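Going line by line, the protein sequences match chains A and B. Per the UniProt record's numbering, the first sequence runs over residues 1 to 180. Per the UniProt record's numbering, the second sequence runs over residues 1 to 295. Every residue gets a Cβ at the ideal spot worked out from N, C-alpha and C, and that includes glycine. Small disclaimer: the values here were computed from a predicted structure and weren't measured. Structure first, commentary second.
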Amino acid sequence: MDSRLLTSAVTLRVNGTVHRLTLDNRSTLLDTLREDLDLTGAKKGCDHGQCGSCTVLVDGRRVNCCLLLTVACDGSEITTVEGLSDGWSLHPVQEAFLARDAFQCGYCTPGQVCSAVGALREMAEGRPSAVTVGTEPPSGAAEIRERMSGNLCRCAAYPNIVRAVGDAAERAAEWWERTP
Amino acid sequence: MEFLRPADWTEALAAKAAHPSAVPIAGGTDVMVEINFGLRRPDALIDLNRIVELREWEVGADTVRLGAAVPYSRIIDELPTELPGLALAAHTVGSPQIRNRGGVGGNLGAASPAGDSHPPLLAAGAEVEVASVRGTRRIPVEEFYTGVKRNALAPDELIRCVHIKRADGPQQFSKVGTRNAMVIAVCAFGLALHPATRTVGTGLGSVAPTPVRAGAAERFLEQALDEAGLWDSGGVVPPAVAGKFADLVVAAANPIDDVRGTAGYRRHALAVLARRTLDWVWDEYRGKEWGRACA
């Protein structure tokens, strides 16, 4: 087969930087981020969408990037955990994870943090979860556990992850504008 | 692996006609699992992400036209009133990340007996609109599933949308799994009441080679509600009626033992789901007086 058929040119905007790449069609966004762009925050935990450790934001929505072909993301805006901080001050969700000691080994943490950022945005937009009751603003541990149910932590740091996301939700109004 | 990127629906149909073995991919949450694990090595993929109309829905007088690639999270947010059963089922699909990508078209294309969309589509009543360069046809959803992970699509056809009857009464969905996320159903059940026509719809998941309706259970319940005048009175459904209904639902199942559960457990759990969802829809019907003739 003509090798030109096996690769594609794509343009990605990752953490504000535009990248023009020619990639094997089989590349997942996770592999592209890690292997081609040296952004190793997103982790390959399970490679089939079960664990959430590869969670990044694509056009503002949290997704498992192990299940996305990079060529299908042509023209997308991608934010990884590396793009949440400006290099000096941490993103409030990152601060909350530190303050609450919301991890042990840290492997799942980039995915947890990106997922929490996506979850807080969904909450702010009034998107209901399966445990959302009526039109009350979402809050409470049950709500957060449901919203974060796509991210596993094999150290089982869940109690402090829930507290960290709760803290960040309380402060969300202050920093909403700067969240990617 | 060739990656075809049609810009619109016409191009997509031409691509599928030219490459009948190509696998269509939209959210990717099912296809990619198989590709990442080497279970599937397609020569070509047809990326449907550029086709805007697949991510659109439209509410008509009696039906909702749901684009094949509308993600589950948008069904939950935008169509909970028109498609309550499907929205409830969508809440249980995968995880929030999966729900941001996956949609009903993928569930239908995969045609797994465990797909979460199938019971509510069967219960509400739906037609799958499929198309090829040869033309368009609409397949009643109960005829769409033809075997384990097999469907009625011809090699050159793509799923364009699903036409689902708008809810005219309460609908429920319930699913058994080991936790609240990332669960493939051990068994699942969808139930819809249609007060206008005094009929009910059912859908059973993960308990037979394909998703199925329990026709005898539907007819029994319709008759029992009618004979006791319960549609008008809003009275309680007698436990004996609920029990017989559950028995008939189980009779429509043909489950197997597998890693997720035994056939015996599935039968037992399905009966519980049938009784429970009947309680829920009937409570809602009585409370909201959905089209009830007298107060």
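Look at S8 (chain A): its C-beta is under 7 Å from a C-beta on chain B. Annotation for V59 (chain B): E82 place their beta carbon closer than 6 Å to its own, counting only its chain and skipping 5 residues before and after.
Note on the region 68-156 of chain A: whole beta strand (DSSP E) runs with a minimum of 3 residues are 77-79, in chain order.
Cβ neighbours of A269 (chain B) within its own chain (closer than 8 Å, five residues either side excluded): V176, V186, C187 and G261.
Identification of residues in the region 117-134 of chain A having a C-beta nearer than 7 Å to some C-beta of chain B yields A119, R127, P128 and A130, given in sequence order. Scanning its chain for C-beta atoms nearer than 8 Å, with the 5 sequence neighbours on each side dropped, one finds around L45 (chain B) the residues M1, E2, F3, L4, A22, V23, P24, I25 and V31, in chain order.
Contact of G166 (chain A) with chain B by beta-carbon distance below 8 Å is absent, the smallest such distance being about 17 Å. In the three-state reduction of the DSSP assignment, I51 (chain B) falls in the coil class. In this structure, the straight-line span from the alpha carbon of S27 (chain A) to that of G243 (chain B) is close to 53 Å. At a Cβ-Cβ threshold of 7 Å, A168 (chain A) and F103 (chain A) do not count as neighbours. Below the 8 Å Cβ cutoff, chain A contributes M1, L5, L6 and N25 as neighbours of E2 (chain B), in chain order. For R147 (chain A), the chain B residues whose Cβ falls inside 8 Å of its Cβ are P96, in order along the chain. DSSP places A188 (chain B) inside the beta strand (DSSP E), whose first and last residues are C187 to H194. In the DSSP assignment, E143 (chain B) falls within the alpha helix (DSSP H) that extends over V141 to F144. Beyond the five residues adjoining it in sequence on each side, R100 (chain A) comes within less than 6 Å, by CB distance, of N160, R163 and A164 in the same chain, given in chain order. Within the region 170-255 of chain B, the beta strand (DSSP E) runs of at least 3 residues that lie entirely inside it are, in chain order, 171-176, 187-194 and 199-205.
Neighbours of I76 (chain B) across chain A, judged by C-beta separation under 7 Å: P128.
Per DSSP, reduced to three states, the secondary structure at N64 (chain A) is strand.
At a cut-off of 7 Å between beta carbons, V162 (chain A) makes no contact with chain B. Inter-segment contact for the region 129-144 of chain B and the region 225-232 of chain B is absent: fewer than three beta-carbon pairs are separated by less than 8 Å. Within the DSSP secondary-structure output, C161 (chain B) pairs in a beta bridge with B:G67 and B:E129. In this structure, V71 (chain A) sits near N25 (chain A), with a CB-CB distance shorter than 7 Å. In the structure shown, D8 (chain B) falls within a coil segment according to DSSP collapsed to helix, strand and coil.
For the region 26-37 of chain B, the beta-carbon criterion of a distance under 7 Å to any beta-carbon of chain A is satisfied by G28, T29, M32, V33, N36 and F37. According to DSSP, residue pairing for N25 (chain A) in a beta bridge does not occur. Beyond the five residues adjoining it in sequence on each side, S53 (chain A) comes within less than 6 Å, by CB distance, of K43, G45, C108 and G111 in the same chain, given in chain order.
For S21 (chain B), there is no enclosing alpha helix (DSSP H), as DSSP gives it neither H nor E.
Counting only Cβ-Cβ distances below 7 Å, N100 (chain B) has contacts in chain A at R61, R62 and V63, in chain order. Counting the other Cβ atoms within 10 Å of the Cβ of E35 (chain A) gives fewer than 16, which makes it exposed. M182 (chain B) and S132 (chain B) have their C-alpha atoms roughly 34 Å apart. For L68 (chain A), the neighbours in chain B by C-beta distance under 8 Å run, in chain order, G28, M32 and R101. In the three-state DSSP reduction, L153 (chain B) falls in the coil class, being neither helix nor strand. Taken through DSSP and simplified to helix, strand or coil, G52 (chain A) comes out as coil. Listed in chain order, the positions of the region 39-64 of chain B with a beta carbon within less than 7 Å of a beta carbon of chain A are D47 and N49.
Looking from the CA of P80 (chain B), the closest CA among A:S8, A:G140, A:A130 and A:E146 belongs to A:A130. The beta-bridge partner set that DSSP reports for R171 (chain A) is empty.
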